[in-house]
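FYI, in mature numbering (1 follows the signal peptide of the UniProt record, and there is no 0) the residues of the sequence shown are -24 to -1, 1 to 316.
Below: the structure, in structure tokens.
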Amino acid sequence: MIRNSVWLLIAIIAGAVMGLPAMADENPTDAARFSAGFRTLSAEDTVGQTPVPMSVWYPASGPEVPVTFWPYTMKLVRNAAPAEGRFPLVAISHGHGGSSLAHCDTATYLARSGFVVVAPTHPGDNYKDISQVATASQLEGRSRHMALSVDRVLADPALSEITDPGRIGVIGFSVGGYTALTLIGGKPEKDKIFPYCDAYPDDRLFCSGERLARLKRIAGGISPVHDRRIRAAVLLAPAYGMLFDKATLADIGVPVRLYRAEKDQSLRFPFHAGNIRRSLPVPPEYVVVRGAGHFFFMPPCPADFAEKAPDLCQDAPGTDRVTFHRQLNREIRDFFERTL
């Protein structure tokens, strides 16, 4: 257990909700092409010796019905037959302490727009178990879980028939953004965190004594999976940006859309999204979300839950998370339609 860490507190709060399906934003101004099908799958991580559960959204037909998992409601056709066609695949990596359902609004929207979407719950870094934070299991294993998720969809008898293996993208939020960056060829260097923490010892999210001790115990370097099937990436407030530089991002050759929260209370600027932006070999599409905090990229909270989890749900005056997510989902769809 990592003690005396604000990050852990946030993760515990996040896990209470992110283990539940998130609200599927209706995006009422957009005409859905399909219903959102939904099913669950699992794969075995033979390296980590653990199952990797995952959620899958996909284009389907038939009437959607509201499915409520407190505190959110989404409309789905559970276990529906897939629609006919060949669709791009997008894999989503959740943040620290989350779950496969952490970005359910975006996943549902993409399925209605003609995408297959898969999201794993990362073993050892989820709402039930955060035991592997700042270990090789987290910093390497997450990319492996993503590659396994893609493999599992492409091996599924029904989903493989509708999934185009030549059009695969990735989305990642926070530590999931780090995960997505490694999946497209980023090579993190764990030792870069130590001079950062010497300069900013007050950054308790990354520089707590136990977190640094765990990083020091990683033998050798970090060797995540570079999945060359991934053709484009969306990074939402990516974390661990200080582990990269121009040399370690030099192999990235796919389009990247990078979002930064202007008022991010978790990630010190410019060491995360700012550093990644400067270091990518090809400038990314870069968006600064004005007034937004770190969790602005999470689904909007119902009013009753917002009172119980202000760290996750309370936004700055003048910002509107509901409106922003409608815009964000459209932008992500448009980006992948252009790049996949």
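C-beta: ideal position from N, C-alpha, C; glycine also.
What are the boundary residues of the beta strand (DSSP E) that V263 is part of?
Position 287 of the sequence shown, counting from 1, holds the residue named residue 263. E261 to V265 is the span of the beta strand (DSSP E), which, as asked, contains V263.
Using 10 angstroms around the beta-carbon of A83, count the other beta-carbons present and answer buried if the total reaches 16, otherwise exposed.
The residue labelled residue 83 in the question sits at position 107 within the sequence shown. That one is buried.
With DSSP as the reference, label T82 as helix, strand or coil.
Taking the sequence shown and counting its residues from 1, one reaches residue 82 at position 106. T82: helix per DSSP, three-state reduction.
Do you know offhand how far R143's Cα is from P177's?
As a working note, residue 143 is residue 167 in the sequence shown. As a working note, residue 177 is residue 201 in the sequence shown. Rounded to whole angstroms, R143 to P177 spans 42 Å at the Cα level.
Touching by the beta-carbon criterion (3+ pairs, under 8 Å), the segment 77 to 92 and the segment 158 to 177
no
Taking the straight line between their C-alpha atoms, what separation do you get for R302 and A195?
On the sequence shown, residue 302 is found 326 positions in, with the first residue counted as 1. On the sequence shown, residue 195 is found 219 positions in, with the first residue counted as 1. The straight-line gap from Cα to Cα measures roughly 44 Å.
Quick check: what's the CA-CA separation for Y34 versus P171?
Position 58 of the sequence shown, counted from the start, is the residue given in the question as residue 34. Position 195 of the sequence shown, counted from the start, is the residue given in the question as residue 171. Cα-Cα distance, rounded: 44 Å.
Continuous beta strand (DSSP E) stretch holding I308: start and end
Within the sequence shown, the letter at position 332 stands for residue 308. I308 -> not in any beta strand (DSSP E); alpha helix (DSSP H) instead, spanning R297 to T315.
With a Cβ-Cβ cutoff of 7 Å, do S113 and L159 count as a contact?
Translated into positions along the sequence shown, residue 113 becomes position 137. Translated into positions along the sequence shown, residue 159 becomes position 183. Contact: no.
Nearest candidate by alpha-carbon position, reference P275, set T16, S75, L115 and V146
Here residue 275 refers to the residue found at position 299 of the sequence shown. Closest by alpha carbon: S75.
Starting from F149, follow its DSSP beta bridges and name the residues at the other end.
For the purposes of this step, residue 149 is taken as the residue at position 173 of the sequence shown. F149 pairs with L212.
Considering only the alpha carbon of each residue, which of L219, I206 and D179 lies closest to G197?
For the purposes of this step, residue 197 is identified with residue 221 of the sequence shown, where counting begins at 1. For the residues L219, I206 and D179, the minimum Cα distance to G197 belongs to L219.
Close Cβ partners of T315 (< 6 Å) along its chain, the five nearest in sequence each way excluded:
Taking the first residue of the sequence shown as position 1, residue 315 is located at position 339. Counting only Cβ-Cβ distances below 6 Å, and skipping sequence neighbours, we find A208 and P231.
Going by alpha carbons, who is nearest to L211 out of F182, Q241 and F149?
As a position in the sequence shown, residue 211 is number 235, starting the count at 1. Comparing Cα positions, the closest option is F149.
Does Y172 come out as helix, strand or coil in the three-state DSSP assignment?
Start at 1 with the first residue of the sequence shown, and residue 172 comes out as number 196. Of the three classes helix, strand and coil, the one that applies to Y172 here is helix, per DSSP.
Uninterrupted alpha helix (DSSP H) stretches inside the segment 21 to 89 (no shorter than 4 residues):
80 to 88
From the DSSP output, read off the bridge partner residues of G13.
Numbered from its first residue, the sequence shown carries residue 13 at position 37. Y34 and V53.
CB of V28 within 7 Å of CB of L17, strictly:
Numbered from 1 along the sequence shown, position 52 holds the residue referred to as residue 28. Numbered from 1 along the sequence shown, position 41 holds the residue referred to as residue 17. Not in contact: V28 and L17 (Cβ atoms no closer than 7 Å).
In this structure, what does DSSP give as the bridge partners for R233?
Stepping through the sequence shown from its first residue, residue 233 is reached at position 257. Partner(s): V210 and E261.
Cβ shell of H270 (< 8 Å), same chain only, five flanking positions each side left out
As a first step, residue 270 is located in the sequence shown; it is residue number 294 there, counting from the start. Within the same chain, H270 has close Cβ partners S150, A213, A237, D240, Q241, S242 and L243.
Run of the beta strand (DSSP E) containing P286, from where it starts to where it stops:
As a first step, residue 286 must be located in the sequence shown, where it is residue number 310. Element bounds for P286: not the beta strand (DSSP E) but the alpha helix (DSSP H), P286 to C289.
Under a Cβ-count criterion, where at least 16 other Cβ atoms within 10 Å of its own Cβ denotes burial, should D296 be classed as buried or exposed?
In the sequence shown, counting from the first residue as 1, residue 296 sits at position 320. Counting Cβ neighbours within 10 Å, D296 comes out exposed, since fewer than 16 surround it.
Can you give me the Cβ contacts of A(-3) inside the same chain, cut-off strictly under 8 Å, excluding the 5 residues immediately before and after it?
The residue labelled residue -3 in the question sits at position 22 within the sequence shown. With a pLDDT of 40 at A(-3), under the threshold of 50, the modelled position of this residue cannot be trusted, and the question is left open.
Sequence-distant residues of the same chain with beta carbon closer than 8 Å to S136, five excluded per side
Taking the first residue of the sequence shown as position 1, residue 136 is located at position 160. Taken in chain order, the residues that qualify are V129 and L130.
Nearest to E261 by alpha carbon, out of S125, R233 and I308?
For this step, residue 261 is matched to residue 285 along the sequence shown. Measuring C-alpha to C-alpha distances from E261 to each of S125, R233 and I308 identifies R233 as the nearest.
Nearest to Y216 by CA position, among I206, I228 and D179, is which residue?
By one-based count along the sequence shown, residue 216 stands at place 240. The shortest Cα separation from Y216 among I206, I228 and D179 belongs to D179.
Buried or exposed, going by whether 16 or more other CB atoms sit within 10 Å of the CB of F312?
Indexing the sequence shown from 1 puts residue 312 at position 336. Answer is buried; the Cβ neighbour count reaches 16.
How about G90 and R9: are their beta carbons less than 7 Å apart?
Position 114 of the sequence shown, counting from 1, holds the residue named residue 90. Position 33 of the sequence shown, counting from 1, holds the residue named residue 9. In this structure, R9 lies closer than 7 Å to G90 by Cβ.
Reference C277, options V263, T299 and G267, closest by Cα
For the purposes of this step, residue 277 is taken as the residue at position 301 of the sequence shown. Of V263, T299 and G267, the residue nearest in Cα terms is T299.
Reduced DSSP secondary structure (H/G/I, E/B, other) of residue 321:
There is no way to answer for residue 321, as the model of the chain reaches only from -24 to 316.
With which residues is S18 paired in a DSSP beta bridge?
Your numbering for residue 18 matches position 42 in the sequence shown. In DSSP, S18 forms a bridge with P29.
Does the separation of the CB atoms of R193 and A110 fall below 7 Å?
What you label residue 193 is simply residue 217 of the sequence shown in a count that begins at 1. What you label residue 110 is simply residue 134 of the sequence shown in a count that begins at 1. Going by C-beta atoms, R193 is not nearer than 7 Å to A110.
Can you tell me whether DSSP reads A249 as helix, strand or coil?
Position 273 of the sequence shown, counting from 1, holds the residue named residue 249. Helix, per DSSP.
Beta-carbon gap between M30 and P96 smaller than 7 Å
The residue given as residue 30 occupies position 54 in the sequence shown. The residue given as residue 96 occupies position 120 in the sequence shown. Taking 7 Å as the Cβ cut-off, M30 and P96 qualify as a contacting pair.
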